[in-house]
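2 protein chains.
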Amino acid sequence: MKHISSRDNPAVKALAKLAGTAGKRGAPVLLDGVHLCQAWLQHHGAPDQAVFDVERLSQPDIAALAAAVPERDCLALDARLMQSLAAVESGQGVAFLVTPPAPELPDTVDENCVLFDRIQDPGNVGTLLRTCAAAGVKRVFLATGTAAAWSPKVLRSGQGAHFALAIHEHVDLPALLPRFKVPLVATALDGARNLYEGDLPERCAWVFGHEGQGVAAELLAAARLKVCIPHDMAAVESLNVGAAAAICLFEQRRQVLRGARR
Amino acid sequence: MKHISSRDNPAVKALAKLAGTAGKRGAPVLLDGVHLCQAWLQHHGAPDQAVFDVERLSQPDIAALAAAVPERDCLALDARLMQSLAAVESGQGVAFLVTPPAPELPDTVDENCVLFDRIQDPGNVGTLLRTCAAAGVKRVFLATGTAAAWSPKVLRSGQGAHFALAIHEHVDLPALLPRFKVPLVATALDGARNLYEGDLPERCAWVFGHEGQGVAAELLAAARLKVCIPHDMAAVESLNVGAAAAICLFEQRRQVLRGARR
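Protein chains in written order, with our numbering: chain A, 1 to 262; chain B, 1001 to 1262.
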């Protein structure tokens, strides 16, 4: 494996430029750490390039990752160079350079899916992607104005969920609505049905909204069903969007699993 | 109201020292922004001190806060001084100096409650507090090693939940277990019952664990019931701790609400 110890090496310079950036549309991103690299391998195969801390190449988990990537695409870096690429202080000694998949928008949508309506906080977006994948959702649509899915913070809180999902970014949600064959279901505080009263659709398009403003009026108006989570309103005004989504998606999953057992 | 325009004023210096600190045990903290100050007023009454951006005192929401605090405890600061105290760049022109309540540990615990076992991320701790309050929980116990509840980041993501809860910090959880009259329920991956199979206790002590390590072995061993959330394990290894807690606490709430309707 090629060993690099100079900060002026062109490959290192190019990687340093990418590290910590928010993942511009279509640009490659740097996946930082053992877990994300393992998850990428599992779902997408070899990365465009892999970089390793030369001092940690003998660690079993790092060695296994190195063995899975063609040697011509691997670089061993001095520890201090590797550290300068890590998104967090405690870098784990491995990073993959990958090109995020950019799936084409489907002509019709008839599967269970989730719409992110301008969710701002990268931690919320990452957690929500992780919850979607955990709930068995396969496809998500992120409206323009949502935090960039392939930014380092979102990748970190997604914990590999990115690779189990088709992620459509920069979507004009209202314009997409005619393609949905499944009903649109929104969380709302006013004019909404208690989440636990009556059955949920087995498949639908859930929409979760902006942390302060909630779901956009245009989408709320188009929703076939509006649900609210019956919470203690004397204690707090509302739930965090990630918590609300977890409650809704897993209530649907509970109902589907119960139905399957019958 | 006293108006201050000098950075060298002793009161401003003292506030600047507190701003952005993690809330040492027993020390006063600065609540930043309209929503947190309103929530404090609602639950605890007047703060120790209130500071306002002099240019925004005529805004209705700020004026209402100023009217609710005795004038001797109010300070009007020049905008740039006020901004230097704000935890976020877009300060809202108001902050309350308050002393966090430090409730005594109860001798016996027979109510529904939540134990935080070394949860590291301040955003997770804040979201979890908000979810607990929303689920109707009134009391939480934070193990030593959990992120400080009264730090600015936790306060921000808690969105006022702090004031609706009795928060016990720096707790030795294993040592506290003999005081629990309600069963201990833990989330676990191994040897756990499907969350949705069978009823949950109407009241219990939930324990949620460290982001990487999960619930400590000593607490797992003491749990009367271990539950797992049936998620798509091919997609992601696990759920975020805040999402998992939301799913568990609201599944319990669903069952309790259903029982009440019968």
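Heads up, the beta-carbon is just placed ideally off N, CA and C, and yes, glycines get one too.
Since the structure is predicted, the reported quantities are computational estimates derived from the model, not experimental observations.
Excluding sequence positions up to five before and after B:Arg1203, its CB lies within less than 8 angstroms of the CB of Asp1110, Glu1111, Asn1112 and Val1182, all in the same chain and listed in chain order.
Listed by position along chain A, the residues whose Cβ is nearer than 7 angstroms to that of B:Arg1254 are Tyr196.
Neighbours of A:Val236 across chain B, judged by C-beta separation under 7 angstroms: Arg1130, Ala1133, Ala1134, Gln1159, Gly1160, Ala1161 and Ala1164. Within its own chain, no residue has a Cβ closer than 8 angstroms to the Cβ of A:Pro10 once the five positions on either side in sequence are excluded. Annotation: the segment 124-181 of chain A contains the following complete segments of the alpha helix (DSSP H) (minimum length 4 residues), in chain order: 152-158 and 173-176.
Under the three-state reduction of DSSP, A:Leu30 is assigned to strand. Contact annotation: the segment 159-178 of chain A does not touch the segment 1001-1017 of chain B, with fewer than three C-beta pairs closer than 8 angstroms.
Inter-residue distance for A:Pro152 and B:Asp1117 is about 27 angstroms (C-alpha atoms, whole angstroms). Annotation for A:Leu85: no beta strand (DSSP E) segment contains it, though the alpha helix (DSSP H) segment containing it runs Ala79 to Leu85.
Annotation: the continuous alpha helix (DSSP H) that includes B:Lys1013 extends over Pro1010 to Leu1018. Against chain B, the CB of A:Thr127 has a partner CB under 7 angstroms away; the residue lies at that interface. Closest in alpha carbon position to A:Arg224, among A:Arg7, A:Val51 and A:Ala188, is A:Ala188.
Closer than 7 angstroms to the CB of B:Phe1052 there is not a single CB belonging to chain A. Excluding residues up to 5 positions away in sequence, Leu1177 and Leu1184 lie with their Cβ nearer than 6 angstroms to the Cβ of B:Ala1222 in the same chain.
For A:Ile4, the uninterrupted beta strand (DSSP E) run begins and ends at Lys2 to Ile4, by DSSP. For B:His1003, none of the residues of chain A pass the 9 angstroms Cβ criterion, the least Cβ distance being about 31 angstroms. At a cut-off of 7 angstroms between beta-carbon atoms, A:Asn240 makes contact with chain B. The beta carbon of A:Ala64 sits no closer than 7 angstroms to any beta carbon of chain B. Taking the Cα of B:Gly1198 as reference, the smallest distance to any Cα among B:Gln1255, B:Leu1115, B:Gly1136 and B:Gly1191 is reached at B:Gln1255. By the Cβ neighbour-count rule, B:Asn1240 is buried, with 16 or more other Cβ atoms within 10 Å of its own. No residue range can be given for A:Leu57, since it is assigned to no alpha helix (DSSP H) and is classified by DSSP as neither H nor E. In the DSSP assignment, A:Gln49 forms a beta bridge with A:Leu97.
Using a Cβ-Cβ distance cut-off of 8 angstroms, the segment 1246-1255 of chain B and the segment 140-154 of chain A are not in contact, since fewer than three pairs of beta carbons, one from each stretch, lie closer than that value. For the segment 1189-1239 of chain B, the continuous beta strand (DSSP E) assignments of 3+ residues that do not extend past its boundaries occur at 1205-1209 and 1225-1228, in sequence order.
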